[in-house]
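Number of protein chains: 4
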Amino acid sequence: MTIRDLTAKDMSGLAEAGDALSRTGFQATNAGRAIEIIKKMKKEQATVFLTFTSNMVASGLRGLFAEMCKRRMVDAIITAGGSLDHDLIRSAKKYELGDFVMDDAKLHRSGTNRIGNILVPNECYVYLEGFMKETFDALYAKDRTTCPSEIARAIGERTKPDSFLHWCAKREIPVFCPGITDSAIGLQAYFYKQRRRDFAIDVTKDMSRLAQLSLNASKTGGIVLGGGISKHHAIGVNLLRGGFEYAVYVTTSSPWDGSLSGARTNEGISWGKIKESANHVTVDGDATLAFPLIIAPFLK
Amino acid sequence: MTIRDLTAKDMSGLAEAGDALSRTGFQATNAGRAIEIIKKMKKEQATVFLTFTSNMVASGLRGLFAEMCKRRMVDAIITAGGSLDHDLIRSAKKYELGDFVMDDAKLHRSGTNRIGNILVPNECYVYLEGFMKETFDALYAKDRTTCPSEIARAIGERTKPDSFLHWCAKREIPVFCPGITDSAIGLQAYFYKQRRRDFAIDVTKDMSRLAQLSLNASKTGGIVLGGGISKHHAIGVNLLRGGFEYAVYVTTSSPWDGSLSGARTNEGISWGKIKESANHVTVDGDATLAFPLIIAPFLK
Amino acid sequence: MTIRDLTAKDMSGLAEAGDALSRTGFQATNAGRAIEIIKKMKKEQATVFLTFTSNMVASGLRGLFAEMCKRRMVDAIITAGGSLDHDLIRSAKKYELGDFVMDDAKLHRSGTNRIGNILVPNECYVYLEGFMKETFDALYAKDRTTCPSEIARAIGERTKPDSFLHWCAKREIPVFCPGITDSAIGLQAYFYKQRRRDFAIDVTKDMSRLAQLSLNASKTGGIVLGGGISKHHAIGVNLLRGGFEYAVYVTTSSPWDGSLSGARTNEGISWGKIKESANHVTVDGDATLAFPLIIAPFLK
Amino acid sequence: MTIRDLTAKDMSGLAEAGDALSRTGFQATNAGRAIEIIKKMKKEQATVFLTFTSNMVASGLRGLFAEMCKRRMVDAIITAGGSLDHDLIRSAKKYELGDFVMDDAKLHRSGTNRIGNILVPNECYVYLEGFMKETFDALYAKDRTTCPSEIARAIGERTKPDSFLHWCAKREIPVFCPGITDSAIGLQAYFYKQRRRDFAIDVTKDMSRLAQLSLNASKTGGIVLGGGISKHHAIGVNLLRGGFEYAVYVTTSSPWDGSLSGARTNEGISWGKIKESANHVTVDGDATLAFPLIIAPFLK
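Protein chains in written order, with this note's numbering: chain G, 80 to 379; chain A, 80 to 379; chain W, 80 to 379; chain C, 80 to 379.
#1: Can you list, in chain order, the residues of the region 324-355 of chain A whose Cβ is nearer than 7 Å to any Cβ on chain W?
#2: Which same chain residues end up closer than 6 Å to residue 312 of chain C when comparing Cβ atoms and leaving out the 5 residues on each side of it in sequence?
#3: What residues from the region 296-311 of chain A come within 8 Å of chain D, judged by C-beta to C-beta, listed N to C?
#4: Considering only DSSP beta bridges, list what residue 193 of chain W is partnered with.
#5: Select from the region 171-188 of chain A all residues with a C-beta closer than 8 Å to any C-beta belonging to chain G, and list them in chain order.
#6: Over the uninterrupted alpha helix (DSSP H) stretch that includes residue 367 of chain W, give me the two end residues.
#7: Using 8 Å for Cβ pairs, my map puts residue 335 of chain C next to residue 267 of chain G. What's the rounded Cβ distance?
#8: Assign residue 369 of chain W to one of two classes, buried (16 or more other C-beta atoms within 10 Å of its C-beta) or exposed (fewer than that).
#9: Strictly by DSSP, which residues pair up with residue 154 of chain W?
#10: Residue 363 of chain G touches chain C at which residues, Cβ-Cβ below 8 Å?
#11: Check residue 339 of chain G in the structure and name its three-state DSSP category.
#12: Closer than 8 Å is the cut-off here; do at least three beta carbon pairs connect the region 157-168 of chain W with the region 131-149 of chain W?
#13: Helix or strand or just coil, what does DSSP make of residue 323 of chain C?
#14: Anything in chain G within Cβ reach of residue 272 of chain W, meaning under 8 Å, just list it in chain order.
#15: For residue 352 of chain C, count neighbouring Cβ atoms within 10 angstroms of its own Cβ and tell me buried if that reaches 16, exposed if not.
#16: Can you tell me the Cα-Cα spacing of residue 110 of chain C and residue 292 of chain C, whole angstroms?
#17: Tell me whether residue 180 of chain G sits in a helix, a strand or coil according to DSSP, three-state version.
#18: May I ask which residues mark the beginning and end of the alpha helix (DSSP H) holding residue 229 of chain W?
#19: Are residue 306 of chain G and residue 326 of chain G touching if we call contact CB-CB under 8 Å?
#20: Note down the Cα distance separating residue 215 of chain W from residue 332 of chain A, rounded to an integer number of angstroms.
#21: At 7 Å on the CB atoms, spell out the chain C contacts of residue 314 of chain W, in chain order.
#22: Which residues mark the beginning and the end of the beta strand (DSSP E) in which residue 356 of chain A is found?
#23: So which of G/344, G/178, G/173, G/218 has the shortest CA-CA distance to residue 203 of chain G?
#24: Can you round the beta-carbon distance between residue 349 of chain C and residue 132 of chain A to whole angstroms, since I take them to be within the 8 Å contact cut?
#25: Determine, using beta carbons only, whether residue 124 of chain C comes closer than 8 Å to chain G.
#26: Are there 16 or more other CB atoms within 10 angstroms of the CB of residue 240 of chain C, so buried, or fewer, so exposed?
#27: Taking the alpha carbon of residue 300 of chain A as the reference point, which residue from A/287, A/356, A/340, A/225 has its own alpha carbon closest?
#28: Relative to the C-alpha of residue 260 of chain G, which candidate in W/254, W/244, W/286 has its C-alpha closest?
#29: What is the DSSP secondary structure of residue 255 of chain W, reduced to helix, strand or coil?
#30: Any beta-carbon of chain C closer than 8 Å to the one on residue 145 of chain A?
#31: Let me check one thing: in DSSP terms, what residues is residue 281 of chain W bridge-paired to?
#32: How should residue 249 of chain A be labelled, buried or exposed, when 16 other C-beta atoms within 10 angstroms of its C-beta is the threshold for buried?
#33: Rounded to a whole number of angstroms, what is the C-alpha to C-alpha distance between residue 87 of chain A and residue 148 of chain G?
#34: Could you tell me the alpha carbon to alpha carbon distance between residue 278 of chain W and residue 245 of chain W, rounded to whole angstroms?
#35: Taking a contact to mean a Cβ-Cβ separation below 8 Å, would you say residue 284 of chain G touches residue 324 of chain G in this structure?
#36: Using C-beta distances below 6 Å, list every residue in its chain close to residue 236 of chain G, excluding the 5 sequence neighbours before and after it, in chain order.
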């Protein structure tokens, strides 16, 4: 294929720009390929695993995740504990825009927490505390031992329609969160357990359901935004079936330190976490810029 | 300002998405700020310096640069020698899409040169050789000693309307290229000089014209894509006037190694290369993804 | 302080090079600062939390971690599930050096898994399977419900002295692993649970012990290598005490995407995860290059 | 080869650590490979091209460059104009350590310029102004038209033995600087030309000498620190001979944007800028951390 220049006429329709992008070179090409691969996932009715990191739920991407769940574009979500924190908080409270470089001591004294250029007031966590106490009470009443996907569902049943957990609960899309204790919700679980000694979160409880999603699917696709435990858990569980048929990574990390977060899709092939025959691409860039471009054609 | 989620309705109009982007967080916010700052450059009729690296001219961004020149959105371009190479070649020849990981020894044996995921056949440089011989002959006939902006203009007079140099020649936008010998054109200059010993490229010849652009402007704005000599030359010459009033950087480099390529706009303030009172932003990301989003509102 | 040039005489003693490094500029300065901060942690007998990602345990850094534990330089480790995988495997099996770019389909067909430029033969996981079956049997015999630190300890009791888990078991250093199911060990837990339905890993069980380490310390220090859940869990639990007094981050990630992995120490101050008055530094670089330089003075 | 853990005993002798490093994995392995490749360059008496960016001359690496020149470890240097600025200034003036995040407006008002975490007082440039006026006078007296390598040599004849230009002048190592006008020296050239209209810097004048170095060598090696024009000029001129036999890159840039700065050695093979049969490696990391480790064995 030949490189073609973008022209002014491409601009007004970036949402339909898959073709133009795929011919631009560098990461625009990779974004274009990502669009093509997601098209195939949909056409082949693959079971889609969406993963993202918690900072993305603090950003405007949260709206895209909610929309994707509402439209049942995904079959499972794997994410960090912080994603649950931010989703439930933002269903009731507002985050503010700040800057990447601020006086952090001053922020601290004013009760403001910074995530890149997004600001989270302390009161948000007061709200979360009350919310989770009720949620844990409800869960505990049913069973002393709960698990991350049950917690996510119980939260989603109480949040508003701007929340991705709301739509996951409504559409019965399981949300897996293998590292759930590492979050504000986890901290509340610690406080809760001090009162209810037999309260437990058994993380093995979710594994069978997650494994079945991988084992029972005729094809699977991964939309993997950022790195960390969520990324690895998605590819790890797909190892059980010999790997993803379709995989799209969006990452800002580099592979040269051997990190999983920076690993390209091809590294996954050596492990059998992505199939040798898979359609796969890694898009290098911040998801707030790259992902709207990639997902726009499916949400317009 | 409050973080607002992107929704499906934002998607079809990313070109008009400045407002939505500026409220998304992370780099989408910075892209949104870049749009606002370019709006101000235009409103205040600032003298605009556009800089980019040569790989971008190998990509589809070349079309945007040409369009910007055609519409006189810029008053000066500062770029690397390779940008002239790619612009003149692509006015006659085609580059192909490849992949970031290929068998480079095999490519070499097949006469194909790789720039990231863009492929440049050897024949392109044969074409450039003939083109430049004529161009140098024409320049030499006028004056034994030429300079980079004269070379760029002479090229632009011979290329087609898909070329940014074409429009720079037509619109009398000077193209500065302080490191011109580091390019295929530079190599041809070396061969040319072997026949014409008194052929010279005097790089000091361009400095007065460039300095006047900075000194005579009531306001200046920089749109700085990527790093290297082009970036530094733009901010360096604006030091003469106490700095840019408006500056937008788009970069994939990090500042932690003290490199100029990774330096944020704020570092430029310490030098007086950007004014303390300037509107400025650094967008982190590959320009093929970020720049179409930023410039779309002005080219639609 | 004034920048001083490195000279040939500095070279033979990089282990004592803290002073020289701190005066070199850029990341060498930050490595020098890291050495100074770790000196203070030791002098003030701070409770030290060491965190690292699993790829580092696949690398030669594992030896440094083991040595640090042997010498009781750390009071708690927080790490990913994969760190336990690699530590127990490498106590019996060997990993090989490869390259960052290889034919991953070919690797897959030959039963070789790639982590950056490190190669892990499939047989390693066969070994892990047998090892973990016994380990889970032993744990299950004691209590139907276990937790990550108990699993880590049970592994350490069976590995050899080249293993960090061995020394953690011996020196009674707890190893926390909040996302343990995301690992080969986690996969074995899933298989184990299919036979023993009441086998459970309660991740809330570790939280009290971890919290006490933070709450009871007069001072705390963090040595945080890489990002992910391990990094956040360390700073998250130190929130309970108002933050770390000392913090050293080594990372290859950038903060511009708002990710926790790329967040600098100063972002932690806004949250109260690092004290306003803390001594802290972020070293940008691959830990296999940076960490030996930083820790050498303490292990020579 | 098998991954071996670093142990405490490796630490005191990092200078001799080539073997250990090459077995550590990730970038330590690449640093180890770099040492091996430089050993071969020396053994095979290759013509060595050293390139670096100007920020490195503002750092303590300047001392290593001077030492390498003193010992004739290099046959040619290709660098940015700013490298000449910093080298001549630091031969008389001091730079101070700062921080990567400072109040840049305040720095500006105090006459302090920031390069990452290195601070350059304004008076340094007053000194450079006087120094260059004399240097240009001396050059102009000899010939109206000068070239970058002659300027570099004239500077080196006036600087002290802590300067790399001093040793280049003494050891007759040419210093090429294709983009020389983009620097403080370039700015002085502009001022100088306003008084002496026929003063010229002909950048084609250096090309023959540089080309001969490539064409006449039986083997060539590149030690390429950072990116930009210096990196490309070194590999570009080696195209004339079919490429480097040995190449070591140290970079913080990524290849995913198609930039030359981030391009790995293998991309150079497709161009014939590095030989298919070459020994080559790219080390990812900040040169102030990586380069002392790599060069230590040769300077101890």
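For each residue, glycine too, the CB sits at the ideal point set by N, CA and C.
Fair warning: this is a prediction, and the values are worked out from it, not measured in the lab.
According to the data block:
#1: For chain W, the residues of the region 324-355 of chain A that bring a beta carbon within less than 7 Å of one of its beta carbons are 333, 335, 336, 337, in chain order.
#2: So the list reads 157, 257, once near-sequence residues are dropped.
#3: Reference to chain D is not applicable here, since the protein chains of this structure are G, A, W and C.
#4: According to DSSP, which records beta bridges pairwise, residue 193 of chain W is partnered with W/198.
#5: Result list: 173, 174, 175, 176, 180.
#6: From DSSP, the alpha helix (DSSP H) with residue 367 of chain W extends over 366-378.
#7: About 40 Å separates the two Cβ atoms, so there is no contact after all.
#8: So residue 369 of chain W counts as buried.
#9: None, per the DSSP bridge assignment.
#10: Against chain C, the beta carbon of residue 363 of chain G has neighbours under 8 Å at 333, 335, 336, listed in chain order.
#11: If DSSP states are grouped into helix, strand and coil, residue 339 of chain G belongs with coil.
#12: Verdict: yes, contact present.
#13: Strand, per DSSP.
#14: The answer, in chain order, is 283, 286, 287.
#15: Buried, since its Cβ has 16 or more Cβ neighbours within 10 Å.
#16: When the Cα atoms are used, residue 110 of chain C and residue 292 of chain C turn out to be separated by approximately 27 Å.
#17: Residue 180 of chain G carries a coil assignment under DSSP once its states are collapsed to helix, strand and coil.
#18: In the DSSP assignment, residue 229 of chain W falls within the unbroken alpha helix (DSSP H) covering 227-235.
#19: Against a cut-off of 8 Å, the Cβ pair of residue 326 of chain G and residue 306 of chain G comes out as no contact.
#20: Spanning the two alpha carbons is a distance of roughly 47 Å.
#21: Simply none; closest approach about 19 Å.
#22: Residues 353-363.
#23: Of G/344, G/178, G/173, G/218, the residue nearest in Cα terms is G/173.
#24: The beta-carbon separation of residue 349 of chain C and residue 132 of chain A, rounded to 19 Å, does not stay under the 8 Å limit for a contact.
#25: Chain G contact via Cβ: absent.
#26: Classification of residue 240 of chain C: exposed, given that the 10 Å Cβ count is below 16.
#27: Out of A/287, A/356, A/340, A/225, A/356 has the C-alpha closest to the C-alpha of residue 300 of chain A.
#28: That would be W/286, whose Cα lies nearest to the Cα of residue 260 of chain G.
#29: In the displayed model, residue 255 of chain W falls within a strand according to three-state DSSP.
#30: It does not; no Cβ of chain C falls within 8 Å.
#31: Bridge partners of residue 281 of chain W: G/281.
#32: Within 10 angstroms of the beta-carbon of residue 249 of chain A lie fewer than 16 other beta-carbons, which makes it exposed.
#33: Residue confidence for residue 87 of chain A is low, a pLDDT of 49 falling below 50, so the modelled location carries little weight and cannot support an answer.
#34: Residue 278 of chain W and residue 245 of chain W have their alpha carbons spaced roughly 25 Å apart.
#35: No, they are not a contact pair.
#36: Setting aside the 5 residues that flank it on each side, residue 236 of chain G is surrounded in the same chain by 248, each with a C-beta closer than 6 Å to its C-beta; the list follows chain order.
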